[in-house]
Every structure is written in structure tokens, then in C-alpha cells.
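**Student:** Dropping the structure in here first, questions after.
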Ligand SMILES: [Zn+2]
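Residue numbers (our numbering): 644 to 1138.
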């Protein structure tokens, strides 16, 4: 007797590790248990036919500032995860700062988990923080399941999360290498920033001159050196300056365990188009010139940049000081969680990239970065996190349709391609007004261990032969797997 599935979702454009193709995705117990032909006969309690709408794995956004507890008036778990779900993001990893307390101790992590528990519409994990005085907290936080540790090499913008000097950074990287934990770095060099002209007034060119590319390249050179010396896994957050790409490519070619992300705003926007005083465009490092943007796109295409993540970093609109439009005074951060998938897709397709690449950059890449072996691919054994995406449909960004706590956005009025129609989290369609179904994730909790079980164990139903997923297949590029951690994902024996 044929196996009965909970849900079967069919699409003419399913984006699988083997490419974009007509397929049926069958789900049982929240996990993809078969991927078959579009018209395969599959017995299911519910069957959904997306037709020409694409079917993607849920986006994994490893760079989100939720700000709760402590600054919930900036953004909180309910609003952030609702916006994420509306934008096709099914997993987010929360940054350790802008919340109070910052996630630099186990007690702070517990407070964070308490405030998130039962209030998340998508799955949520947490980064730990690395600051000058918490070296002794790193191992305990690692043991409590944070996905890695964020540090700043320059002012973070909030007083309770200080930056680390070069002298403080080195022993911390050594300790994190010992734990084989991931160090993620806001790579701007404090000394060079202090030497640059200070930002003031409404002229965007002045703001750009206050954060020249060498501020980034110097910091990145520093962390490449540390990564090489300690064989530490290091990740460059929100790369803006294309000038750093040759050093990054060279280090990676030499086997340095370095990964890199960039963000939708560096790929979609350019300095030339920022109006005077338009502080909704302010973020750090800054949005640079058009030629820089195109170099970032080429680096994504070449695989020198691994991931595209939102760096959703909202604040109350008053802190943007729009009435005076002073780039020096305004909070630096762009809120884009709900829009990141259509923004990247819109600009990717103009440059000849397809949904396969977008999924690699926004789902498979970030999932591998953080070691979530069961997220980020439409393949047997992966969590059934699915997005029905009308890729050919366009819409105009209307801030009032955003679920972010604050609706100020540099994308207001932009015409974008790609409408998120439905989103499933572990096989259940997300209802934004319904109960929150998201889980709190730990690095070591075995999420998605099905994906790394030996071939056949997780395969049921009529999945095609040879479809047993691997970590490399999840991101569609077997050659890069060594960059993402020594671990081949969670230990299959842990669950
Ligand atoms: Zn950030």
C-alpha cells in the first residue's frame, strides 16, 4: 500500500539542489520525505499545486537584529518574525546586540530565549557576543548552543556592546579556534576610522568619505591573518568594499577558513542614487558607488562571496533624524527583512542570475555557514520549509504593507519582482495572524540531522535514486564545503 504523506506541494519551478525543475515535494512529520516528478501519484492529506509559481526552500537569514529584550520598541520577536515569514524567511539567527542585555553571557542568552519563547513565527537561533571582558563566557555560551560569536573592530553604535582592540581580539580568536566555534566580524578598523574625516551634514558623499574602503580592507587583512595563524573559522559580515575581494579570494585559495556575506542594500542600491539628507540609506559600512556594487555581484557569481543576508537593523524613525537629514547623527542601519528576497531576486535576474543562485546565496549558503544541515534545500531529509514565490509578478513597495515594527525603508516606491504567496514551516503553512509555530534553535540540537544520516535512512516514499542530500548539495557547490566549518553538520547520533 502506498505511503500517505501529510502534504504534497507541486511546482513547475521547484528549485532543488539539482536545479530548477518541475517537481513534487512530499512532506511527513515536518520533513521532506520524497521529491518526485511533478505529476507523480502521491497520496496525501493535502495537495497544493503551485503551477508556474516557483517553489523555494525557505530563506535562512543569519544576520538579523531583533533587539528584544531591552529595545523592543526598535523591533521585537513578534514583529520581526512576522515580517520574516511574510518575506519568505523561515529561519533567522539573531544578533547579540541592540538588545539589552547583549548576548555576551549565558544569563543574557537565557533572558533572550525567555523573551522569544512561543512568540516566533519562524525558527530562531542566536549568535553570542564577543566583547573585551567576556573571554571566560565564550566556552559556556558555545556549550549553550549559540551559533558563533560576533565582535566589532569599531564602535558598535550602542554603549553596552564595546568593540575589541587587536590585542583583545587575538586571544579570543585563539579560544574560539580551540572550540572550533565561528567568529563573525564587523570588519571596520577603528584607527583608520578615527583618521578619516568625520561624517556630518546631509551630503552623502561626505558620509562615504568618512568610511573609505581601506577601513574595511585593513580590518579584513587583520582577521585573515588571525584566521590563518589559528586555523580559526572566521566570517566577514556585511562586506561592502569591493577592494577587499582580491585579498579574500587569495586567502581562500590558500585554505584560510574564511567566509563572506554581503547584503541586499549593497547589491541593489548605490551611492549615486542616495538623495541629500536621506538617512534611511545610512548603514555601516556604507552603500558605495555603482562600480563597487557591480564588483560585489561578480564576486557572488564567482563564489568569492558566499551568502546574502539582510542585516535587518531597525530603529525608531526619530533616530534617523530625517527632519535634519544629518548622516553623522542618524542611526546606521537598514530595515529590510521582509523585502530581502524580492530585492535580491529583482537585481539578480537583471544580471542574468536565476533562482538557483538566489537560493544558494540566501538559503543553502547561510544554512551551511551556521551548521544547520537540515535547512536551506528542497531535498529529502531537510525540514519542509517551503516558499511559494510568484517570481514573474511585480509589486511596488508600500511601507504600510511591511510587518517590521517601523516602516521606514529606502526601498519605498521601488518596483520589485517576486511575490511571496505562501510559506510553510516544517510542513505547516504559516498564518501570520495565527499561533507562532517557530522553534528556538541551538547549534547542537540536532535540527535537521535527518539530512546527514547515511543514504537511505531518511529516504522514504518514491524519492528519486541518488537524491540523498549532502551538505555540499544543499548549497549546490561541492567544492566549497570545506570552507564551512570542520563539522559535517550536527552529529547524527545526537538525536
Ligand atoms: Zn548587523
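For glycine and all other residues, C-beta sits at the position ideal for the given N, C-alpha and C. Quick caveat: nothing in here was measured; it's all calculated off a predicted structure.
Quick check: does the Cβ of residue 708 come within less than 7 Å of any heavy atom belonging to ligand 1?
**Tutor:** Translated into positions along the chain shown, residue 708 becomes position 65. At least one heavy atom of ligand 1 is nearer than 7 Å to the Cβ of residue 708, so yes.
**Student:** According to DSSP, simplified to helix, strand and coil, what is residue 659?
**Tutor:** As a working mapping, residue 659 is identified with position 16 in the chain shown. Residue 659: strand per DSSP, three-state reduction.
**Student:** Alpha carbon to alpha carbon, how far is residue 996 from residue 660? Give it in angstroms, no decimals.
**Tutor:** Along the chain shown, one-based indexing puts residue 660 at 17. Along the chain shown, one-based indexing puts residue 996 at 353. For residue 660 and residue 996, the distance between alpha carbons rounds to 16 Å.
**Student:** According to DSSP, is residue 740 helix, strand or coil?
**Tutor:** Position 97 of the chain shown, counted from the start, is the residue given in the question as residue 740. Coil at residue 740, not helix or strand.
**Student:** Specify, as a first and last residue, the run of the beta strand (DSSP E) that residue 845 falls within.
**Tutor:** Residue 845 sits at position 202 when you count from the first residue of the chain shown. Per DSSP, residue 845 belongs to no beta strand (DSSP E) and is neither H nor E.
**Student:** For residue 1116 and residue 1078, I'd like the C-alpha separation in whole angstroms.
**Tutor:** Mapped onto the chain shown, residue 1116 falls at position 473. Mapped onto the chain shown, residue 1078 falls at position 435. With a pLDDT of 34 at residue 1116, under the threshold of 50, the predicted position of this residue should be treated as unreliable, though the coordinate-derived value follows. Residue 1116 and residue 1078: Cα-Cα distance of roughly 33 Å.
**Student:** Skipping 5 residues on each side, what residues in its chain have a beta carbon closer than 8 Å to that of residue 919?
**Tutor:** Your numbering for residue 919 matches position 276 in the chain shown. The residues are 845, 846, 847, 968.
**Student:** Span of the beta strand (DSSP E) holding residue 827?
**Tutor:** Position 184 of the chain shown holds residue 827. Unbroken beta strand (DSSP E) run through residue 827: 825 to 829.
**Student:** Please state whether the Cβ-Cβ distance between residue 1007 and residue 1017 is less than 8 Å.
**Tutor:** As a first step, residue 1007 is located in the chain shown; it is residue number 364 there, counting from the start. As a first step, residue 1017 is located in the chain shown; it is residue number 374 there, counting from the start. No, they are not a contact pair.
**Student:** So who's on the other strand from residue 647, going by DSSP bridges?
**Tutor:** Taking the chain shown and counting its residues from 1, the one referred to as residue 647 is at position 4. In DSSP, residue 647 forms a bridge with 686.
**Student:** Less than 7 Å between C-beta atoms, sequence neighbours within five positions excluded: which residues of the same chain meet that for residue 855?
**Tutor:** As a first step, residue 855 is located in the chain shown; it is residue number 212 there, counting from the start. So the list reads 839, once near-sequence residues are dropped.
**Student:** Indicate whether the contact test is met: 3 or more Cβ pairs, each with one atom in the segment 865 to 885 and one in the segment 814 to 825, closer than 8 Å.
**Tutor:** The segment 865 to 885 vs the segment 814 to 825: in contact.
**Student:** Among all the DSSP beta bridges, which residues are the ones paired with residue 1067?
**Tutor:** In the chain shown, the residue the question calls residue 1067 occupies position 424. Answer is 1029, 1072, bridged to residue 1067.
**Student:** Could you tell me if residue 832 is buried or exposed, where buried requires 16 or more neighbouring beta carbons within 10 angstroms of its beta carbon?
**Tutor:** Counting from 1 along the chain shown, the entry for residue 832 is found at position 189. That one is buried.
**Student:** How about residue 881: is its Cβ closer than 7 Å to a heavy atom in ligand 1?
**Tutor:** Sequence index remark: in the chain shown, residue 881 carries index 238 (1-based). It does: the Cβ of residue 881 is within 7 Å (strictly closer) of some heavy atom of ligand 1.
**Student:** Rounding to the nearest angstrom, what Cα-Cα distance links residue 1104 and residue 1082 in this structure?
**Tutor:** As a first step, residue 1104 is located in the chain shown; it is residue number 461 there, counting from the start. As a first step, residue 1082 is located in the chain shown; it is residue number 439 there, counting from the start. Its pLDDT being 34, under 50, residue 1104 is placed unreliably in this model, and the coordinates cannot settle the point.
**Student:** Quick check on this structure: which residue in 772, 800, 861, 870 has the alpha carbon closest to the alpha carbon of residue 813?
**Tutor:** Position 170 of the chain shown, counting from 1, holds the residue named residue 813. Here the closest residue by C-alpha is 870.
**Student:** In whole angstroms, what separates the C-alpha of residue 825 from that of residue 682?
**Tutor:** Sequence index remark: in the chain shown, residue 825 carries index 182 (1-based). Sequence index remark: in the chain shown, residue 682 carries index 39 (1-based). C-alpha separation (whole angstroms): 43 Å.
**Student:** Between residue 663 and the rest of its own chain, which residues show a CB-CB distance below 8 Å, the 5 nearest in sequence each way excluded?
**Tutor:** Position 20 of the chain shown, counted from the start, is the residue given in the question as residue 663. 656, 657, 697, 997, 998, 999.
**Student:** In this structure, what does DSSP give as the bridge partners for residue 1039?
**Tutor:** Stepping through the chain shown from its first residue, residue 1039 is reached at position 396. Answer is 1058, bridged to residue 1039.
**Student:** For residue 645, count the other beta carbons within 10 Å of its own beta carbon; 16 or more makes it buried, fewer makes it exposed. Which is it?
**Tutor:** In the chain shown, residue 645 corresponds to position 2, counting from 1. Looking at its Cβ environment, which holds fewer than 16 other Cβ atoms inside 10 Å, residue 645 is exposed.
**Student:** Quick check on the burial criterion: 16 or more other C-beta atoms within 10 angstroms. Buried or exposed for residue 1075?
**Tutor:** Locating residue 1075 in the chain shown gives position 432, counting from the first residue. Classification for residue 1075: exposed.
**Student:** Whole angstroms are fine: how far does the CA of residue 860 sit from the CA of residue 886?
**Tutor:** In the chain shown, residue 886 corresponds to position 243, counting from 1. In the chain shown, residue 860 corresponds to position 217, counting from 1. Answer to the nearest angstrom: the Cα atoms are 7 Å apart.
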